[in-house]
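Engineer: This structure is in structure tokens; I'll ask about it shortly.
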Amino acid sequence: MRENTERLSDNNVVFNQIERLIDAWNRGRQPEPQLIIISAGTNDAWFPKYRPNVFDCDVAHAFEEPDSLFAQRTPNNVLSLAEVVRYDCTLLMRIFPHAQIVLLTPMQSTSIPDMRLFSVAETIAKCGDRLSLAVVRQDKESCVSSARERTARCFTTDGTHTNIEGARRNGYYLANRLSAILQW
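For the sequence shown, my numbering puts the final residue at 188, and the numbers step up evenly by one.
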């Protein structure tokens, strides 16, 4: 069965991808990663009906609980975006202590109100700062501008998903940003 990735699905959230990575590493099918890039937040911003708890806990409150207690939570008890970013990243940091983790905020989209997308991106960026992780602010720096895409589709097919030129430009942008960030 092939998953339709154009629809919102809990099968492709960051935590599930982390579980698959850890499982593959534990089974010897995946080497220990040196670099983990997490691109997140688009669906949190785009689908508030399906992500109603996304802003229930701000970054300051998400980091109040000591790591030892926070790590004992189960994923279904980690619902706000700030808690999810902390949970996922600290899990990766514990399992793969030598990997460098980089967080990518979502790109702008005509389907998402700018302020909602900015709030999601700001939450991810603040969590990255608290965790001492590098953050690439695609919402501010990438080639996709929601204002421009509302007028004419320059770099997206639908206002959200990049077209060939948008993917190429954003790929170059990310390659440049990541090469400046990497600590190798």
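Just so you know, even glycine gets a beta-carbon here, dropped at the ideal spot from N, CA and C.
Here's the rule: buried if 16 or more other CB atoms are within 10 angstroms of the residue's CB, otherwise exposed. What is residue 176?
Structural biologist: That one is exposed.
Engineer: With DSSP as the reference, please indicate the residues paired to residue 121 in a beta bridge.
Structural biologist: Answer is none; residue 121 lacks a bridge partner.
Engineer: When you compare each of 54, 43, 28, 24 to residue 178 by their alpha carbons, which one comes out closest?
Structural biologist: It is 43.
Engineer: Leaving aside the five residues before and after residue 75 along the sequence, list all residues of the same chain whose C-beta is less than 7 Å from its C-beta, in chain order.
Structural biologist: Only 94 meet the Cβ criterion.
Engineer: Could you check the C-alpha separation between residue 58 and residue 117 for me, to the nearest Å?
Structural biologist: Computed Cα separation, rounded: 15 Å.
Engineer: Report the three-state DSSP secondary structure of residue 155 (helix, strand or coil).
Structural biologist: Reduced to three states, the DSSP call for residue 155 is helix.
Engineer: Can you give me the Cβ contacts of residue 18 inside the same chain, cut-off strictly under 8 Å, excluding the 5 residues immediately before and after it?
Structural biologist: Excluding sequence neighbours, residue 18 sits near 42, 44, 88, 92.
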